Ligand code: HEM
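Numbering (my numbering), first residue to last: -8 to 176.
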């Protein structure tokens, strides 16, 4: 299948829906995971792992669709008024998010694989190998936590940049991701 090289001025509606669904699910998953670092009752930890991994897998599916849409349909160009250093920083920020979300997903699935108790999602899929390899679990979980912090940092910068575009630069970059009901030119 060939890439569609239309120069569009707006995102597809499906790209906007995926963007906001992913944002919502990542925040929800962070909320579920914030207690994993501390002491927990075993039943609570095991149930929370199932909830966390289920939401994480939904994020993974949306992320795959997002990359496919981005590959075939691209994204609107950044405004001509943006200085080159800002265009370059935006690129680094976006690639950084793609990179660390990918790392987050892989290390999440690997952490689940190295747990000693089952993590059954959607009622039948067990992500755990039910091994006793505590060292592998702790090592990968450390990378999972690091990628979480990197994603939180990049999301924070991403939000600051969108506020800047809307209120200071006053261009249409942020509005493009917000308006579902009409094309933003
Ligand atoms: C949406 C993206 C995700 C985010 C933001 C996220 C975030 C986190 C955080 C903050 C922790 C706690 C780290 C710590 O305190 O040591 C954690 C632990 C964990 N995550 Fe994720 N995660 C994501 C995706 C996934 C996925 C896709 C899976 C597996 C399918 C997964 C499986 C796990 C497991 C097994 C743990 C360890 C739980 C425990 O310590 O008992 N995560 N995650």
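Here a beta-carbon is modelled for each residue, glycine too, at the ideal position from N, C-alpha and C. Since we're looking at a predicted model, the values are computed, not measured.
Can you name, in chain order, every residue of its own chain whose Cβ lies under 6 Å from the Cβ of residue i, other than the five neighbours on each side?
i, result
"residue 164", "156"
"residue 37", "108"
Can you find the residues in the same chain that come closer than 7 Å, C-beta to C-beta, to residue i, ignoring five residues on each side of it along the sequence?
i, result
"residue 7", "168, 171"
"residue 5", "60"
"residue 110", "40, 41, 44, 103, 117, 118, 119"
"residue 135", "95, 98, 99, 102"
Taking the alpha-carbon of residue i as reference, which of the options has the nearest alpha-carbon?
i, options, result
"residue 17", "44, 75, 34, 130", "44"
"residue 104", "125, 0, 36", "125"
"residue 138", "3, 21, 66, 5", "21"
"residue 55", "15, 10, 152, 80", "10"
"residue 42", "131, 146, 114", "114"
"residue 3", "75, 77, 66", "66"
"residue 14", "145, 162, 161", "145"
"residue 57", "29, 76, 75, 88", "88"
"residue 162", "23, 78, 29, 69", "69"
"residue 132", "31, 90, 24", "24"
Label residue i either buried or exposed according to how many other C-beta atoms from any shown protein chain fall within 10 Å of its C-beta, with 16 as the threshold for buried.
i, result
"residue 262", "Residue numbering for the chain in the displayed model covers -8 to 176; residue 262 lies beyond these limits and cannot be assessed."
"residue 159", "exposed"
"residue 98", "buried"
"residue -3", "For residue -3, the predicted model reports a pLDDT of 49, less than 50, meaning its position is unreliable; a value from the coordinates is still stated below. Under this definition residue -3 is an exposed residue."
"residue 147", "exposed"
"residue 122", "exposed"
"residue 92", "buried"
"residue 33", "exposed"
"residue 150", "exposed"
"residue 154", "exposed"
"residue 142", "buried"
"residue 46", "buried"
"residue 112", "buried"
Which same chain residues end up closer than 8 Å to residue i when comparing Cβ atoms and leaving out the 5 residues on each side of it in sequence?
i, result
"residue 174", "0, 1"
"residue 49", "16"
Does DSSP put residue i in a helix, a strand or coil?
i, result
"residue 110", "coil"
"residue 140", "helix"
"residue 69", "coil"
"residue 145", "helix"
"residue 3", "coil"
"residue 37", "helix"
"residue 118", "coil"
"residue 105", "coil"
"residue 123", "coil"
Q. Quick one, what's near ligand 1 if you take every residue whose CB is closer than 6 Å to any heavy atom, in chain order?
A. 17, 20, 21, 24, 27, 28, 36, 40, 43, 44, 47, 48, 50, 51, 95, 96, 99, 100, 102, 103, 106, 118, 132, 135, 136, 139
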